[in-house]
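Number of protein chains: 2
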Amino acid sequence: MGFSEFNLIERFFVRDNPQRRDVVLGIGDDCALLKVPEGQSLAVSMDTLVEGVHFLHDTAAADVAAKAMAVNLSDLAAIGAEPAWVTLSLSIPKIDLGWLQAFSDSFHEMLNHYVLQVVGGDTTRGPLSITMQAHGFVPSNVALRRSGAKAGDLVCVTGPLGDACLGLKVAQHKLAAPGNLRDYLLGKYYRPKPKVAAGIVLRSRATSAIDVSDGLVADLGHICKASGVGAVITAENIPLSEAAKSVTTEERVLDCALTGGDDYELCFTVAEDDLRNVKAALETVGVPCYPVGRITGKSGVRVTHHGKTLELDRVGFDHFAAA
Amino acid sequence: MGFSEFNLIERFFVRDNPQRRDVVLGIGDDCALLKVPEGQSLAVSMDTLVEGVHFLHDTAAADVAAKAMAVNLSDLAAIGAEPAWVTLSLSIPKIDLGWLQAFSDSFHEMLNHYVLQVVGGDTTRGPLSITMQAHGFVPSNVALRRSGAKAGDLVCVTGPLGDACLGLKVAQHKLAAPGNLRDYLLGKYYRPKPKVAAGIVLRSRATSAIDVSDGLVADLGHICKASGVGAVITAENIPLSEAAKSVTTEERVLDCALTGGDDYELCFTVAEDDLRNVKAALETVGVPCYPVGRITGKSGVRVTHHGKTLELDRVGFDHFAAA
Chain L
1 MGFSEFNLIE RFFVRDNPQR RDVVLGIGDD CALLKVPEGQ SLAVSMDTLV EGVHFLHDTA
61 AADVAAKAMA VNLSDLAAIG AEPAWVTLSL SIPKIDLGWL QAFSDSFHEM LNHYVLQVVG
121 GDTTRGPLSI TMQAHGFVPS NVALRRSGAK AGDLVCVTGP LGDACLGLKV AQHKLAAPGN
181 LRDYLLGKYY RPKPKVAAGI VLRSRATSAI DVSDGLVADL GHICKASGVG AVITAENIPL
241 SEAAKSVTTE ERVLDCALTG GDDYELCFTV AEDDLRNVKA ALETVGVPCY PVGRITGKSG
301 VRVTHHGKTL ELDRVGFDHF AAA
Chain A
324 MGFSEFNLIE RFFVRDNPQR RDVVLGIGDD CALLKVPEGQ SLAVSMDTLV EGVHFLHDTA
384 AADVAAKAMA VNLSDLAAIG AEPAWVTLSL SIPKIDLGWL QAFSDSFHEM LNHYVLQVVG
444 GDTTRGPLSI TMQAHGFVPS NVALRRSGAK AGDLVCVTGP LGDACLGLKV AQHKLAAPGN
504 LRDYLLGKYY RPKPKVAAGI VLRSRATSAI DVSDGLVADL GHICKASGVG AVITAENIPL
564 SEAAKSVTTE ERVLDCALTG GDDYELCFTV AEDDLRNVKA ALETVGVPCY PVGRITGKSG
624 VRVTHHGKTL ELDRVGFDHF AAA
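Protein chains in written order, with the working numbering: chain L, 1 to 323; chain A, 324 to 646.
Structure below.
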């Protein structure tokens, strides 16, 4: 085909997307030049998705782009940052114009939706993988960190857990689901909605936060470790979708919620006295708030189910565990 | 082995490296939180190196790390930015502790040398590839861009060209070289020195700049396209190393210099009247300045050699050309 890297970037990744006023110099030079607004810190997060590891072979290009973007924006949400810019490195085994068109259409749809500008990146020949870095703004003193949880705080989540994990099982043909439930669960797996507005609302209200990417137990475990505390999850309080409960047993959904990952809801802690205010604030951006546990002084994360302690045979998703 | 991604980052990539005061929150949360100094723009550049595409199979881990870092810092140099932070996404096919130790030792050596802090990243299982983003500071009004070259400006480079391309041929066993010359050429290929100090010195002195990654013709071509001008390269003025000239013919070295790439010297333009001052300024940081051509009003890059126009059968390195 004789495509150069430069042409690929020009053809597929430079478009009439939002031209942000904080971008002094965009794609096309050795670097982008960017202005962080006064009084704000820059929040950055980089994530890589590799075909066959983070997404199934033959996943639709549009879904790959949407998921890569969602995963990165979810990290900004978890710290309470407002998204601004992204960089994208795309490795592709060959130049497939249809695939690139679908990938970049989906990518640009996300850019428009979040008023983001792509400011740099790289396209290389190689096994299919996508590395993105998301950049956002948040004043340091109100940023949500993992390290602020205190014994007695309530642990909350912003939406149903376990759907994405069930969606993966559906995609892998390990779980059957009728038409509309199938679409719902696949959508939750392929197109998670990063809780960006919720993160911003939780600034200086939540005592700690993280996004649920590896399952509630593992992610709450990160909060506990960073905060020097422990937690008890009350499993029967975890919100589960009607779709999830109608395709499999409650135990299986709960296992997904606790250890499955990929949901990209926020898990956060609040002082008990603040719960009512936090709920009301989240309602203003249309996001629910479900208390699912409590922070304790004892280290580690325990799970109880109707008063009984649950034994977990694995803790979250670890893609090196099988290596 | 049961290594989790989290442990890999903790074990190999969080060390007693420079703790910069502009890093509010480093590795270990959902995002890093960073402060860009007042009056400065943030310069960012992202590059990916894939095994078998950008570096040979079985390249030493230390060389892979050094090269990935150099390639990214060279982009900062080309815009005149002062390096500050890096993010790193590392895909590895398996956990090889020796490889990781060597890679991270070399990586941290570079961090220390440039007083850089690693502020985020990802480690994933996948075919070996490295994506880095470099972040630096430069006031927007003095940043070096590709777009400022004017007809009549001189084209200069900061050091000998062609060595890296010959080093690659040595590594591929396509070119023989005796011991010390072999080491020199391999070093130029595997361990290019990004011209960071030179880029800072050239702020508001050069009218345009780029780093020579794809060969002088292609890279000067980018300057010409962005500036709406053309250029003539006087091939006999291109600096060639004694090592290069003693392992092969001058024609072969020139071909490498013009179309070979990987040198990571800076190519920049200056008004003729400023040449003496620019040379003196570059001398203060120990960097030479070689005029190798002139900007013209006519589009395109021509090369003359002792008065005759050279025909080029390929223009720079394009890793998709063979796809």
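Idealized CB from N, CA, C, for every residue including glycine.
Going by DSSP in three states, residue i sits in which element: helix, strand or coil?
| i | result |
| --- | --- |
| D370/A | strand |
| Y613/A | strand |
| A532/A | strand |
| L116/L | coil |
| G121/L | strand |
| V555/A | strand |
| A644/A | Confidence at A644/A is low in this model, with a pLDDT of 40, below 50, so its placement is unreliable and the value that follows should be read with caution. Coil at A644/A, not helix or strand. |
| V86/L | strand |
| C224/L | helix |
| F3/L | Because the pLDDT of F3/L is 47, which lies under 50, any placement of that residue in the model is unreliable, and the question is left without a value. |
| L240/L | coil |
| H458/A | strand |
| R203/L | coil |
| I324/L | There is simply no residue 324/L to check, as chain L begins at 1 and stops at 323 in what is shown. |
| H306/L | coil |
| D29/L | strand |
By how many angstroms is the C-alpha of residue j removed from the C-alpha of residue i?
| i | j | result |
| --- | --- | --- |
| F426/A | V387/A | 7 Å |
| A603/A | G148/L | 53 Å |
| R145/L | P515/A | 39 Å |
| R599/A | I415/A | 48 Å |
| G120/L | Y507/A | 33 Å |
| A645/A | S299/L | Per-residue confidence for A645/A stands at a pLDDT of 37, beneath the threshold of 50, marking its modelled position as unreliable; the derived number appears in the next sentence. Cα to Cα, A645/A sits roughly 56 Å from S299/L. |
| D578/A | S564/A | 14 Å |
| C224/L | D211/L | 14 Å |
| M69/L | T87/L | 10 Å |
| D428/A | P18/L | 41 Å |
| G260/L | A164/L | 8 Å |
| A243/L | L90/L | 34 Å |
| L581/A | G544/A | 11 Å |
| S336/L | V270/L | As shown, chain L starts at 1 and ends at 323. That puts residue 336/L outside it, with no answer to give. |
| A466/A | G403/A | 6 Å |
| V347/A | V540/A | 42 Å |
Once the 5 residues before and after residue i are set aside, which same chain residues still bring their CB inside 6 Å of it?
| i | result |
| --- | --- |
| L310/L | V303 |
| V229/L | A149, A151 and I295 |
| D445/A | S412 |
For residue i, collect the residues of the same chain with a Cβ closer than 7 Å to its Cβ; drop the 5 residues on either side in sequence, then sort them by chain order.
| i | result |
| --- | --- |
| A494/A | L379, L509 and Y512 |
| L73/L | P83, Y114, A134, P194 and V196 |
| G616/A | V478, A554, V555, I556 and T557 |
| H650/A | Beyond the ends of chain A as shown, which are 324 and 646, falls residue 650/A; an answer cannot be given. |
| V359/A | L365 and F460 |
| G26/L | A32, Q117 and V119 |
| K492/A | L498 |
Using alpha carbons as the reference points, say which of the options lies closest to residue i.
| i | options | result |
| --- | --- | --- |
| Y613/A | D585/A, P483/A and V535/A | P483/A |
| T124/L | F591/A, E565/A, L589/A and M369/A | M369/A |
| L76/L | L97/L, G126/L and L202/L | L202/L |
| A60/L | L88/L, L128/L and D22/L | L128/L |
| L331/A | P341/A, H377/A, D419/A and A401/A | D419/A |
| W85/L | I79/L, R21/L and I238/L | R21/L |
| G273/A | K568/A, V608/A and P611/A | The structure shown does not extend to residue 273/A, since chain A is modelled only from 324 to 646, so the question has no answer here. |
| E283/L | A198/L, A143/L and K308/L | A198/L |
| V608/A | G502/A, T481/A and D537/A | T481/A |
| G215/L | D263/L, A143/L and A209/L | D263/L |
| E10/L | E251/L, L100/L, F268/L and E51/L | L100/L |
Give the interface partners of residue i over in chain L, defined as CB-CB distance under 8 Å, in chain order.
| i | result |
| --- | --- |
| S440/A | One point to set straight first is that residue 440/A is Gln, not Ser, in the sequence displayed. Residues of chain L passing the Cβ test: none, with the nearest at roughly 12 Å. |
| S463/A | V24, L25, L33 and K35 |
So with CB distances below 7 Å, who are the chain A contacts of residue i?
| i | result |
| --- | --- |
| P120/L | The amino acid at residue 120/L is misidentified as Pro; the sequence shows Gly. Residues of chain A passing the Cβ test: V367, S368 and M369. |
| A81/L | C354 |
| D211/L | D353 |
| S91/L | T371, V373 and S452 |
Excluding sequence positions up to five away, which residues of its chain have a Cβ less than 8 Å from the Cβ of residue i?
| i | result |
| --- | --- |
| G362/A | P462 |
| G449/A | S414, I415 and P416 |
| V610/A | T481, G482, K518, A520, A521 and V524 |
Starting from residue i, find everything on chain L with Cβ-Cβ shorter than 7 Å and list it in chain order.
| i | result |
| --- | --- |
| S364/A | V24, L33, L34 and K35 |
For residue i, return the contacting residues in chain A, with the cut-off set at a CB-CB distance below 9 Å.
| i | result |
| --- | --- |
| R145/L | L348, D352, D353 and L356 |
| Q172/L | Within chain A, no residue comes near Q172/L; the closest Cβ sits about 18 Å away, beyond 9 Å. |
| G126/L | T371, V373, E374, G375, V376, H377, P450 and S452 |
| T207/L | None at all; the shortest Cβ gap to chain A is about 14 Å. |
Cβ closer than 8 Å: which chain A residues qualify as neighbours of residue i?
| i | result |
| --- | --- |
| S204/L | Neighbours of S204/L on chain A: none; closest Cβ ~14 Å, over 8 Å. |
What residues of chain L sit near residue i, judged by a beta carbon separation below 9 Å?
| i | result |
| --- | --- |
| P483/A | Within 9 Å Cβ-Cβ: nothing; P483/A doesn't reach chain L, min ~21 Å. |
| L399/A | D30 and C31 |
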